[in-house]
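Protein chains: 2
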Amino acid sequence: MPDSEFALIQDYFTGGGEGPAVRLGIGDDAAALAVPEGHVLQISTDTAVEGVHFLATLPPTEVAYRSVMAAASDLAAMGASPLACLLSLTLPEREPNWLKAFSSGLSEACEQTGLSLVGGDTTRGPLSITVTVLGSTPAGQFMTRSGAQPGDRLCVSGHLGDAAAGLAISKGELAVDDARIQGLLLGRYERPTARLTLGQTLRGCATACIDISDGLLADAGHVAAASGVAILIDSASLPLSEALSASVPLPQVLDWALAGGDDYELLFTLPSGMRVPEGCTEIGRVHVGSGISCDRTPEGMGYDHFAR
Amino acid sequence: MPDSEFALIQDYFTGGGEGPAVRLGIGDDAAALAVPEGHVLQISTDTAVEGVHFLATLPPTEVAYRSVMAAASDLAAMGASPLACLLSLTLPEREPNWLKAFSSGLSEACEQTGLSLVGGDTTRGPLSITVTVLGSTPAGQFMTRSGAQPGDRLCVSGHLGDAAAGLAISKGELAVDDARIQGLLLGRYERPTARLTLGQTLRGCATACIDISDGLLADAGHVAAASGVAILIDSASLPLSEALSASVPLPQVLDWALAGGDDYELLFTLPSGMRVPEGCTEIGRVHVGSGISCDRTPEGMGYDHFAR
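As you go down the protein sequences, you meet chains F and H in turn. For what it's worth, our numbering labels the leading residue of the first sequence as 862, then goes sequentially. For what it's worth, our numbering labels the leading residue of the second sequence as 862, then goes sequentially.
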């Protein structure tokens, strides 16, 4: 019986299908998971299409790694502890080397995040990767985009704009003399890190949280809209990496930090009395009103698939 | 701020996002679900690509309806009660009429199955639909493919082969004089029904269960392989609809019933002493050994995406 689709899945994607919550892993009609008692489940799904979300030149290991991290980043924004993930892979043809490399990036990201791969689907078609992630928080303790209050401080983790620089490097639009710095910026695009530990720390202190995938201004806009508040961003306070500042003129750096996207840092609001966590920076304030104000308007404004 | 992607999702896909388990619906980084106490979660994901899983001529309402039902059918095979679903929609461009029709099929299938649409992702690219479904069963009570025992009876729900005839009709390869019968067969392909109630009834009686998506022989093969048993199928006992038998010569009917796929009926094994449920038919037996035996070998043998 021709069973190569199932063999394909079993050959490459069975690693990591174990974990304390997994009651049934890959290979049946569905997976089964035990959600910790008193916890609520969080679920999110994220699709990456070749040529739209990533370049055809992105190595398969990084395609997989990035897809898992981008999805896991949504769990981070909720403050969730990772449980499991499912992969729907649509690919043009079976190429063992491609699959092997893809699978290694997948395993690596699953290990890094603590997500157990429990299922998926493999179909033939134009390359596209959908990762569904599941996590949990104690009931009622997850963060949303909608809790920001006037007076709150707007904070962000890590550095902004590096991923946009990395994308420019991989497109051949930016060349950096220092190979170490070039590799570092490229890595920030190809291998983002979901801020899962920070997300869990913020649960219970932050009033609202979102991950930066579309770009700072766009994602801050989502928080403002969901919370019914105005957000004021101070471009002088944006956290910029030395690598980026050393390689690119300041106006471009600021544009990327404001609108570049793909950083997968956490953007959150804190009540004014609360300490800004280590590794995070205050970049603005929440006010009564609506929309985003910033002392600078970058050329590109976030990413929206059907707006262009 | 260009927010049309989000507007698109909100315009068309916010219906049905409520339900007893839903703690947070569409519109945040992730959805939140309360799994009933003492229950285990089941999750499955299913991708349908235009031109691979469905014809470009399939109306958008049916594309959506079929995608949800195909995914829900995996929950039926586990014996799970439906909780929620997520949709990842990749589509070439925004067409309001297409989206409206797609959305109506989505809502209809969600209502029929009791699945609350709690999230998703919309991206631009070649048309493909990934539906992730979540359900639950009391802990330890879900069905798998791996429990079939020598001596068990092999049973199937409903009729087999109608969906393959419906596909042949939509391809223009089969013409049926009687318009009512033609519509009936077409509907079995375009609007399958996930056997959710039957699945929940079988929980605790059936030793193994799977839904028929690849075709009877292929799916029985999965049960045999997972259970480590041999399965003998008697082609004379296959349940065939009057509509199909009246429209197509018997050899073709049997080939479709054995290998056609897309029926989304449940195939299950019952201990020999147990009564076959109403609307179901005994079609074979489980034996010591491995593989599938049938008194007839159809020309096509199930569906496997990377085998052709």
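Backbone N, C-alpha and C define an ideal beta-carbon position, used for all residues, glycine too.
Whole-angstrom C-beta distance between residue j and residue i, which should lie under 8 Å
i: Arg1006/H; j: Asp889/F; result: 5 Å
i: Ser1088/H; j: Ala1069/H; result: 6 Å
i: Ser977/H; j: Val883/H; result: 5 Å
i: Leu947/F; j: Gly981/F; result: 5 Å
i: Tyr1125/H; j: Thr1054/H; result: 7 Å
i: Thr1130/F; j: Ala1086/F; result: Not quite, the Cβ-Cβ distance comes to about 14 Å (not below 8 Å), so this is no contact.
i: Pro1100/H; j: Gly1027/H; result: With a Cβ gap of about 16 Å, Pro1100/H and Gly1027/H do not count as contacting.
i: Pro987/F; j: Pro957/F; result: So it is not a contact: roughly 20 Å between Cβ atoms.
i: Pro1132/F; j: Asp1013/F; result: 6 Å
i: Ile1073/F; j: Leu1047/F; result: That pair is no contact at about 18 Å.
i: Gly1065/F; j: Gln1002/F; result: 6 Å
i: Val994/F; j: Ser905/F; result: 6 Å
One or two residues paired with residue i in a DSSP bridge
i: Arg1014/H; result: Leu1131/H, Arg1146/H
i: Thr1173/H; result: Because chain H spans 862 through 1169 in this model, residue 1173/H falls outside it and cannot be assessed.
i: Cys1155/F; result: Ile1094/F
i: Leu894/F; result: Val883/F, Leu902/H
i: Pro999/F; result: His900/F
i: Glu911/H; result: Phe915/H
i: Ser977/H; result: Ala945/H
i: Ala1198/F; result: What is shown of chain F runs 862 to 1169, which leaves residue 1198/F out entirely.
i: Val994/F; result: Ser905/F, Cys946/F
Delimiting residues of the beta strand (DSSP E) encompassing residue i
i: Asp1075/H; result: Neither: Asp1075/H is in no beta strand (DSSP E) and is coded neither H nor E.
Neighbourhood of residue i by C-beta, 7 Å cutoff - its chain only, sequence neighbours within 5 removed
i: Gly1121/H; result: Gly1022, Ala1024, Ala1025, Gly1076
i: Ile1071/F; result: Ala938, Arg1006, Asp1080, His1083, Val1084, Leu1128
i: Glu923/H; result: Gly966, Glu1051, Arg1052
i: Ser997/F; result: Val896, Pro897, His900, Val901, Leu902, Gln903, Ala941, Ser942, Leu944
i: Glu969/H; result: Tyr926
i: Ser949/F; result: Gly981, Asp982, Thr991
i: Gly1145/F; result: Leu1015, Ile1092, Leu1093, Ile1094, Asp1095
i: Gly1163/H; result: With a pLDDT of 46 at Gly1163/H, under the threshold of 50, the modelled position of this residue cannot be trusted; read the value that follows with caution. Excluding positions up to five away in sequence, the list reads Asp1075, Gly1076, Leu1078, Ala1079, Ala1120, Gly1122.
i: Gly1140/F; result: Ser1018, Gly1019
i: Pro1011/F; result: Val1090, Val1147, His1148, Val1149
i: Ile1042/F; result: Ala1104, Ala1107, Ser1108
i: Pro999/H; result: Gly899, His900
i: Trp959/H; result: Pro921
i: Ala962/F; result: Pro920, Pro921, Thr922
i: Cys1155/H; result: Leu1078, Ile1094, Ser1096, Leu1119
Where the alpha helix (DSSP H) containing residue i begins and where it ends
i: Cys971/F; result: 957 to 974
i: Thr1062/H; result: 1057 to 1063
i: Ala941/H; result: Ala941/H -> no alpha helix (DSSP H), and no H or E assigned at all.
i: Val1139/F; result: This sequence places Glu at residue 1139/F; Val is not what is there. First-last for Glu1139/F: undefined, no H or E at that position.
i: Asp1023/H; result: 1023 to 1031
i: Glu1103/H; result: 1103 to 1108
i: Val1114/F; result: 1111 to 1120
i: Leu1046/F; result: 1040 to 1051
Other residues of its chain near residue i: CB distance less than 6 Å, five sequence neighbours each side excluded
i: Val910/H; result: Ser989
i: Pro1159/F; result: Asp1116, Leu1119, Ala1120
i: Asp1039/F; result: none
i: Asp907/H; result: Ala931, Ala932, Val992
i: Ser928/F; result: Ala909, Ile990, Val992
i: Thr984/H; result: Thr951
i: Ala1009/H; result: Thr1068, Ala1069, Val1084, Ser1088, Val1090, Thr1130, Val1147
i: Ala917/F; result: Glu911
Cβ shell of residue i (< 8 Å), same chain only, five flanking positions each side left out
i: Ala891/F; result: Leu885, Gly980
i: Leu1180/F; result: Outside the displayed range of chain F (862 to 1169) lies residue 1180/F, so it cannot be described from this structure.
i: Gly1060/F; result: Leu936, Ala937, Ala938, Met939, Gly940, Ala941, Met1004, Cys1070, Leu1127
i: Leu894/H; result: Ala882, Val883, Arg884, Leu944, Ala945, Val979, Leu995
i: Ser1151/H; result: Ala1085, Ala1086, Gly1089, Val1090, Ala1091
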